[in-house]
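Here the sequence shown is numbered in our numbering, starting from 12 and rising by one per residue. Cβ atoms here follow ideal geometry from the backbone N, Cα and C, with glycine treated the same way. Treat the numbers as computed from the prediction; the structure is a model and nothing was measured.
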Amino acid sequence: MTRVALRKHLFVLAIASILPIALLAGAGLLTLFQQQRAEAERKALEITRALATAVDAELQRSISALLALASATSLDRGDIAAFDGTARRALAVQPQWLSINLATPAGEALINTRFTLGEPLPAVVETECLKAAVRTAKPQVGSLSQARGRNAVALRVPVVKDGAVRYVLTGVVDPASILAIVARQRVPDDWVISVFDSKGIRVARSRNHAQYLGTQPAESLQALMAGNADEGTGTTRTLEGDTVFTAYTRLERGRWVVAMGLPASGVFLGAARSIAAYASMVTLSIVIGLAWAFVLARRINGPMAQLRDAANALGEGREDPVPQTGIREIHEVGAAIADAARRRAASEAEREELLQREQAARAEAEAASRAKDNFLAMLGHELRNPLAALSNAANLLGVGASHPAIAGRAQEVIQRQVAHLARLTDDLLDAARALLGKIELRAEPIDLAAVATQALATLTATGRTGRHRLNVDLGAAWIDGDAVRCDQIVSNLLVNAVKYTPDGGAITVRTHRDGDECVLTVADDGVGMSPELAARAFGLFVQGERGLDRAQGGLGIGLTLVRRLAELHGGRADVASDGENRGCKFTVRFPAIDAPAAAAAGPAQAARENPCTVLVIEDNDDARETLQMLLHTMGHHVHVAPDGLSGLEKMLEVAPDVALVDLGLPGLDGLQLARRVRASGGSEIYLVAVTGYGAREDRTRALEAGFDAHMTKPVGAAELHEILRRSRT
Numbered sequence: 012m013t014r015v016a017l018r019k020h021l022f023v024l025a026i027a028s029i030l031p032i033a034l035l036a037g038a039g040l041l042t043l044f045q046q047q048r049a050e051a052e053r054k055a056l057e058i059t060r061a062l063a064t065a066v067d068a069e070l071q072r073s074i075s076a077l078l079a080l081a082s083a084t085s086l087d088r089g090d091i092a093a094f095d096g097t098a099r100r101a102l103a104v105q106p107q108w109l110s111i112n113l114a115t116p117a118g119e120a121l122i123n124t125r126f127t128l129g130e131p132l133p134a135v136v137e138t139e140c141l142k143a144a145v146r147t148a149k150p151q152v153g154s155l156s157q158a159r160g161r162n163a164v165a166l167r168v169p170v171v172k173d174g175a176v177r178y179v180l181t182g183v184v185d186p187a188s189i190l191a192i193v194a195r196q197r198v199p200d201d202w203v204i205s206v207f208d209s210k211g212i213r214v215a216r217s218r219n220h221a222q223y224l225g226t227q228p229a230e231s232l233q234a235l236m237a238g239n240a241d242e243g244t245g246t247t248r249t250l251e252g253d254t255v256f257t258a259y260t261r262l263e264r265g266r267w268v269v270a271m272g273l274p275a276s277g278v279f280l281g282a283a284r285s286i287a288a289y290a291s292m293v294t295l296s297i298v299i300g301l302a303w304a305f306v307l308a309r310r311i312n313g314p315m316a317q318l319r320d321a322a323n324a325l326g327e328g329r330e331d332p333v334p335q336t337g338i339r340e341i342h343e344v345g346a347a348i349a350d351a352a353r354r355r356a357a358s359e360a361e362r363e364e365l366l367q368r369e370q371a372a373r374a375e376a377e378a379a380s381r382a383k384d385n386f387l388a389m390l391g392h393e394l395r396n397p398l399a400a401l402s403n404a405a406n407l408l409g410v411g412a413s414h415p416a417i418a419g420r421a422q423e424v425i426q427r428q429v430a431h432l433a434r435l436t437d438d439l440l441d442a443a444r445a446l447l448g449k450i451e452l453r454a455e456p457i458d459l460a461a462v463a464t465q466a467l468a469t470l471t472a473t474g475r476t477g478r479h480r481l482n483v484d485l486g487a488a489w490i491d492g493d494a495v496r497c498d499q500i501v502s503n504l505l506v507n508a509v510k511y512t513p514d515g516g517a518i519t520v521r522t523h524r525d526g527d528e529c530v531l532t533v534a535d536d537g538v539g540m541s542p543e544l545a546a547r548a549f550g551l552f553v554q555g556e557r558g559l560d561r562a563q564g565g566l567g568i569g570l571t572l573v574r575r576l577a578e579l580h581g582g583r584a585d586v587a588s589d590g591e592n593r594g595c596k597f598t599v600r601f602p603a604i605d606a607p608a609a610a611a612a613g614p615a616q617a618a619r620e621n622p623c624t625v626l627v628i629e630d631n632d633d634a635r636e637t638l639q640m641l642l643h644t645m646g647h648h649v650h651v652a653p654d655g656l657s658g659l660e661k662m663l664e665v666a667p668d669v670a671l672v673d674l675g676l677p678g679l680d681g682l683q684l685a686r687r688v689r690a691s692g693g694s695e696i697y698l699v700a701v702t703g704y705g706a707r708e709d710r711t712r713a714l715e716a717g718f719d720a721h722m723t724k725p726v727g728a729a730e731l732h733e734i735l736r737r738s739r740t
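Listed below in structure tokens is the structure:
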């Protein structure tokens, strides 16, 4: 590292102290310069606008006279000879006009006041302007051109009769009339004003008009006006070579341009003087600052040498006196050296604390990694067991086809293991959907007590609670929730309690309302949790310790799903434990609602009171037959079809109230079938898509194809009843 003497640092400090003031003053001068330039632009533009208004007024005056002349009755009659006399009388009162011409729309000259009526007439000049007048049927301002050796500007007015242009009337204007407007401004001699036509040809100039009449603008002025903007400013050079500040304004009529140049030295002289004064003051300030920095460096270097000796002594364990100096900062540095040891000890303690935090974070990451590995091991275990049973059952079916008892037993094994795999798959999919926020709740008023009762009944029917003592206290707790998802919450908590409570242990289930919340509590006196495990109990794949036999099973995602589903309902889930072998208490809170009116009749009773004609289109025989029987028991009239084509025929034949259509049909899939039904006029049929695909995009595709509702397999009786009820509304 390069070391720099203190003197140089002080020099830099002196310059740095002056530099902000210099920059601030420079910014002020720049603002002044910009203001002066803006003021010059404003004044110059105001003058050019006034000039442009005067030029435009002159052109408008001539056009107005031509418009009045164009309304002559002789032109209505087509009497050219009579109009010639009228034109010559009008010319006499227009001293700025050189002549008046009349031509056909094709450009054939009919009248030219420079010639006697009947004489051969020259061809019309400025044909572009004439064509524009015919095309637009509006007055046009031409460009500077020569007629019989004289410069002139043609103003053309179309003569419209019966909605068509019959003639074009032209007033040939002397450019001297434009020059007169410029001369009336009486600008200083070092100013220059020019008027250009739409082609950029000079029509008038305040200096050397005759010399530069009909010429192009200087190159710098052409570049300034190249953007075709209506007005602008900039610095240009005149044809005489002078640098001027230029402003221009473009007339809307004929796109003529009025440009004015002011001497640039006059515009920016004040700013230049201010900048020169500023530069002198900055230079003087820097010189004084450097001199003062040199003096200060000599006063500081002596005490700094003493301070260096004191620091070396402290490093060797000796104590040297702090330098005696009038510079307070040097004295404070000496005192700071003595205090360094204490601050170093404090920093070492802080570093030790940070090291412990890092070790804790590493341990947490390692625990998460172990949880992932345990999950993969559990998943392999949970999948291989049913797969092994399925493989054995398949072999039994092969070798025991002639033994009905063996075949029946094998079928039972297959059904049970397939159901187990389905549950595992559902758990994984639900956990993934919950974590990704893709679960859509079908909210309705439900009583947590009824949900808990059903979950307890299901668990008891499986025999899993037979060795435990159940304490049930289910008070009314109404919430706006999804019954299926709430059942998952209760079931997962109950299964977790059974899993981690030894035989003979007690499990308590309670529901009640607490103010604005409804509370579900599942408590046990089982293995409990350590504080570390309780803190991450709802994490994905987190489970308590278990033996190699893995009798408790599971994938460690149930509690994760509980918390996520509670959050989706607007609630929260918590766990409390007094420690290992002291049980756990899981509490889930939901926003409470008032109890609804008396419940409506059950599905079967409602169906018998108002039965529907239902068509079931399903290619799976078991699913079709069971759904048909379920609908029959509910009191509805049911028709079935095994594929899309026969289903379409049956639908057109019986015209059902509701059609339950599987999307994955052979031949004609459900989406195609829905489109054909809607296209054939079946708008009164309530179409329901029944499919195993329940993602949002699958629902959207079904609705776009013409379905009224979308249901994901398997379909429960309550859900089926709700769909049929909706079809009647």
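Burial state of residue i, where buried means 16 or more other Cβ atoms lie within 10 Å
i, result
"N507", "buried"
"P106", "exposed"
"G89", "exposed"
"M722", "buried"
"Q222", "exposed"
"L559", "Unreliable positioning characterises L559 in this predicted model, as indicated by a pLDDT of 37, which lies under 50. The coordinate reading is nonetheless provided below. It is exposed - the Cβ of L559 has fewer than 16 other Cβ atoms within 10 Å."
"L504", "buried"
"W108", "buried"
"G613", "Any reading at G613 needs caution, since the residue's pLDDT is 46, under 50, leaving its predicted position unreliable; the model's value is listed next. G613 should be labelled exposed."
"H643", "exposed"
"E715", "exposed"
"P131", "exposed"
"L735", "buried"
"M662", "buried"
First through last residue of the alpha helix (DSSP H) which encompasses residue i
i, result
"C623", "That residue, C623, is in no alpha helix (DSSP H); it is neither H nor E in DSSP."
"L141", "138-147"
"A103", "91-103"
"I696", "Element bounds for I696: n/a, residue is neither H nor E."
"V573", "569-579"
"R547", "Unbroken run through R547: none, as it is neither H nor E."
"A728", "728-739"
Bridge partners - residue i, DSSP secondary structure assignment
i, result
"T257", "G245, G272"
"H650", "L626"
"G492", "E455"
"W108", "V184"
"N503", "In DSSP, N503 forms no bridge with anything."
"H479", "DSSP output for H479 lists no bridge partner at all."
"L531", "T522, V599"
"D585", "T598"
Run of the beta strand (DSSP E) containing residue i, from where it starts to where it stops
i, result
"G655", "From DSSP, G655 is part of no beta strand (DSSP E) but of the alpha helix (DSSP H) over 655-665."
"V203", "203-207"
"R707", "Note, R707: premise wrong, no beta strand (DSSP E); alpha helix (DSSP H) at 707-716."
"V170", "161-172"
"P602", "595-602"
"M640", "No beta strand (DSSP E) holds M640; the alpha helix (DSSP H) holding it covers 632-644."
Given residue i as reference, the closest of the options once Cα atoms are compared
i, options, result
"G678", "A670, A652, V198", "A652"
"A454", "E730, R125, S85", "E730"
"A27", "L132, V298, H643, L41", "V298"
"L141", "G129, A374, V170", "V170"
"D654", "V701, I111, H479, D673", "D673"
"A517", "T42, I32, D536", "D536"
"I212", "E230, D201, P199, D200", "E230"
"G153", "T294, T138, G160, P199", "T138"
"A347", "R319, I311, A360", "R319"
"D493", "G486, V501, A487", "V501"
"L576", "V599, E591, A587, F126", "V599"
C-beta contact flag for residue i and residue j at 8 Å
i, j, result
"T254", "G245", "no"
"D484", "R524", "no"
"V179", "V145", "yes"
"R496", "L459", "no"
"D67", "R264", "yes"
"V176", "V193", "no"
"S110", "L121", "no"
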